[in-house]
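Here the structure comes first, spelled out in structure tokens, and everything after it is commentary.
Numbering (the working numbering), first residue to last: 168 to 528.
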């Protein structure tokens, strides 16, 4: 059997890949046992036909939440499910760009939600089918992205401004699958309408749960989340509501659940470089993650990226990734080979503030 790097066509035999994995320290053991969930705020969650282990969810992260990142959570039980990067339904259906980075789900991944973005009911319907064929456990529609380039396409947070159109999109997706169907939204600015009309459109269209980010599309991330508005949605909705926005610790997760009475909490950027975060929140302990463990996780992450995108792209992403595992580090040389980079990481003294590599001439 041959493993094929998804985007660049390189092949590596299973035997050679196993040798490489052993060489760089890839590991399959779990670091933590099952979360105890002694706090009443944390509990199993049901979305549609899925019974999930907890009510903590890894949200989508553009540029990051591919399979290489998502599968790291398997070492630390406690994450209910992970989410793909946002996938363009149009590009997926028409094949304008290679979408395999977004579609790929590793055999050892747990439950994964595939997040789509689109504005055409028929295209979203076809994209839903494609995602299910590639192993999706949940299908999600992005109705919350605040980026101008997405809003100009009448996608993301622009869609909650037209509940009737939103209803049509959800109905079309619902007709294509029996999988749990969800949507991720932001709050409407007060002058643009009532959040309840958006919730009605989503529920009547057939969603099984809704993620609500506690800001409007106009808000910067330094603006506090409006948890009172999220609580009003929770009280109104008859499907589970997942609260999202600026949650990165046990105390913050508990606070959000208490303020909103939401059914679950979604963490996104806080999980970068910290795949143990969900387990530690549920167990309500600050884990003692050794530098050696962080190095091994970073190497596994980079190895996964290389298998998805090829070595060159993995090296380019290494510079931005390393700061999440080792915030004080800098100085990665993106033109080094992965083998050199792995050696530098393994040999690195974690008390230093940079990783230096011998750049090939």
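For every residue, glycine included, the Cβ atom is placed at its ideal position computed from N, Cα and C.
* Asked: Count the other CB atoms within 10 Å of the CB of residue 532; is the residue buried (16 or more) or exposed (fewer)?
  -> With the chain covering 168 to 528 only, the question about residue 532 has no answer from this structure.
* Quick one: what's residue 310 bridged to in DSSP? -> DSSP lists 352 as partners of residue 310.
* Asked: Which two residues bound the contiguous alpha helix (DSSP H) that contains residue 235?
  -> Element bounds for residue 235: 234 to 237.
* Given a threshold of 16 other Cβ atoms within 10 Å of its Cβ, counted over all protein chains shown, does residue 512 qualify as buried or as exposed? -> The residue in question, residue 512, is buried, as its Cβ has 16 or more Cβ neighbours within 10 Å.
* Where in the region 409 to 436 do unbroken runs of the alpha helix (DSSP H), each at least 4 residues long, occur, reported from the N-terminal end onward? -> Listed in chain order, they are 417 to 427.
* Asked: With a CB to CB cut of under 7 Å and the five nearest residues on each side skipped, what residues in its chain are close to residue 406?
  -> So the qualifying residues of the chain are 370, 374, 375, 376 and 377.
* Where does the unbroken alpha helix (DSSP H) through residue 383 begin, and where does it stop? -> Segment 376 to 383 is the beta strand (DSSP E) holding residue 383; no alpha helix (DSSP H) there.
* To do: Just tell me which of 358, 368 and 289 has its CA closest to the CA of residue 404.
  => Taking only the C-alpha atoms, the option nearest residue 404 is 368.
* Asked: Taking the C-alpha atoms as reference points, what is the distance between residue 454 and residue 393?
  -> Straight-line Cα distance between these residues: approximately 30 Å.
* **C-beta contact flag for residue 342 and residue 307 at 9 Å** => The Cβ atoms of residue 342 and residue 307 do not sit closer than 9 Å to each other.
* **Pairwise C-alpha distance: residue 291 and residue 221** => The straight-line gap from Cα to Cα measures roughly 29 Å.
* To do: Quick one: grab the DSSP three-state call for residue 319.
  => Reduced to three states, the DSSP call for residue 319 is coil.
* Coarse secondary structure for residue 400, derived from DSSP in three states -> In this structure, residue 400 counts as helix in the three-state DSSP scheme.
* Asked: Between residue 400 and residue 356, what straight-line distance do the alpha-carbon atoms span, to the nearest angstrom?
  -> Each residue's alpha carbon lies about 14 Å from the other.
* Asked: Cα separation between residue 490 and residue 276?
  -> Going from the Cα of residue 490 to the Cα of residue 276 covers about 24 Å.
* Asked: Looking at C-beta atoms only, is the number of pairs between the region 440 to 455 and the region 238 to 248 that lie closer than 8 Å three or more?
  -> Contact between the region 440 to 455 and the region 238 to 248 is present, because at least three Cβ pairs lie under 8 Å.
* Cα-Cα separation between residue 458 and residue 312, rounded to whole angstroms -> One C-alpha to the other measures close to 35 Å.
* Which first and last residues belong to the alpha helix (DSSP H) in which residue 260 is found? -> Residue 260 -> alpha helix (DSSP H) spans 256 to 261.
* Asked: Nearest to residue 314 by alpha carbon, out of 268, 269 and 253?
  -> The shortest C-alpha separation from residue 314 is found at 253.
* Touching by the beta-carbon criterion (3+ pairs, under 8 Å), the region 225 to 235 and the region 468 to 479 -> Remark: three or more beta-carbon pairs, one from each stretch, lie closer than 8 Å, so the region 225 to 235 and the region 468 to 479 are flagged as touching.
* Option in 223, 447, 361 and 510 with minimal Cα separation from residue 396 -> Out of 223, 447, 361 and 510, 361 has the C-alpha closest to the C-alpha of residue 396.
* Contacting residues, own chain, Cβ-Cβ under 8 Å from residue 414 (five flanking each side not counted) -> The residues are 420, 423, 432, 433, 434 and 437.
* Buried/exposed call for residue 261, threshold 16 Cβ in 10 Å -> By the 10 Å Cβ count, residue 261 comes out exposed.
* Asked: What does a CB cutoff of less than 6 Å around residue 294 pick up in its chain, not counting 5 residues either side in sequence?
  -> Non-local C-beta neighbours of residue 294 in its own chain, meaning closer than 6 Å and more than five positions away in sequence, comprise 256, 259, 260 and 283, ordered along the chain.
* Residues near residue 110 in its chain [Cβ-Cβ closer than 6 Å; skip 5 each side] -> Only positions 168 to 528 of the chain appear in this structure, which leaves residue 110 out of reach.
* Asked: By the 10 Å Cβ neighbour count, where 16 or more other Cβ atoms means buried, how is residue 230 classified, buried or exposed?
  -> Its Cβ having fewer than 16 others within 10 Å, residue 230 is exposed.
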